[in-house]
Each structure stands twice: as C-alpha cells, then as structure tokens.
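Peer 1:
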Amino acid sequence: MFDQILQLVKEQLNAHPQIAGNIPPEQADQIHREIATHITNGLQNAQPAQSDSGSILSQLENSLASGGLATSAITGGLVGTLAGKFGLSPMITGAIAAAIPGLIKKYENRNNTPPVNA
C-alpha cells in the first residue's frame, strides 16, 4: 500500500511544476515519503469505518466538503509536518494538501480496477 501511494505522490507532485519547483531537490525524497506516510496512515485509520454505502474516497470527500475530522487530520498533520520539518512555505504546503483527495482517488481507482489477464 505504502509503495503504491509513494509512487502516486511522486507522479502527482512532479506533474505540478509550481509544487515540484519549490521543493528542494535534496529533500524531495523525504518529502514524498512524509506525504505518503500521512496518506497511508489516514487511509488505514479510515478503513475500519468504511461501510457498504461508501468508499474510503467518498468518505474522505464528504469529510473534506464538510471540514470533517478524517481529512483535517491528514491535511492538518501533513501541513504542520511539512512546514516544521522541511520549512516549506504555506503556499506549497497548501497546494500539496489540496492534491491529497486526487491522490487518494487515483490510489482507489488503481486498486478497484480488476487486473487484465494477458
């Protein structure tokens, strides 16, 4: 799970020049790992609450829309860590936090797609 999320984090952040250009190259791997850790922990904490009526993503999207605790815990903790540990500006940490729902959606889509048998 962690490795898949880490790969998605790298892809997503590298696809956003305004984020990638403001992450010091010597810290990029550490920052990617920190983001992946926060997302992985958030997803693992959300899974027990998952019901048949909604996916983890829909729960997090609803949480984000309502300012709920699940999303706030992931993004709030992540923003604080990135700013404190790596000295990233509020503009960059905010852009990274805004990318989290997209990362979770990509992760969920990859894991819900049945494998193609060759």
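For the sequence shown, this note's numbering begins at -8 and goes up steadily by one. A virtual CB, placed ideally from N, CA and C, is assigned to each residue, including glycine.
Leaving out five residues before and five after A40 in sequence, what residues of the same chain have Cβ atoms less than 6 Å from its Cβ?
Peer 2: Its pLDDT being 48, under 50, A40 is placed unreliably by the model, and nothing is read from it.
Peer 1: Using 10 angstroms around the beta-carbon of Q35, count the other beta-carbons present and answer buried if the total reaches 16, otherwise exposed.
Peer 2: Answer is exposed; the Cβ neighbour count stays below 16.
Peer 1: Taking the alpha-carbon positions, what's the L94 to N32 distance?
Peer 2: 14 Å
Peer 1: Should Q3 go down as buried or exposed, given a rule of 16 or more other Cβ atoms within 10 Å for buried?
Peer 2: buried
Peer 1: Could you pull out every residue in the same chain whose Cβ sits closer than 6 Å to the Cβ of V70, ignoring the five residues on either side in sequence?
Peer 2: T84, A88
Peer 1: Run through DSSP, which three-state label would L86 get?
Peer 2: As written in the sequence, residue 86 is Ala, which differs from the Leu given in the question. Helix at A86.
Peer 1: Taking 8 Å as the cut-off, does the CB of Q21 come closer than this to any heavy atom belonging to the ligand ZN?
Peer 2: The ligand ZN is absent from the structure shown, which contains no ligands of any kind.
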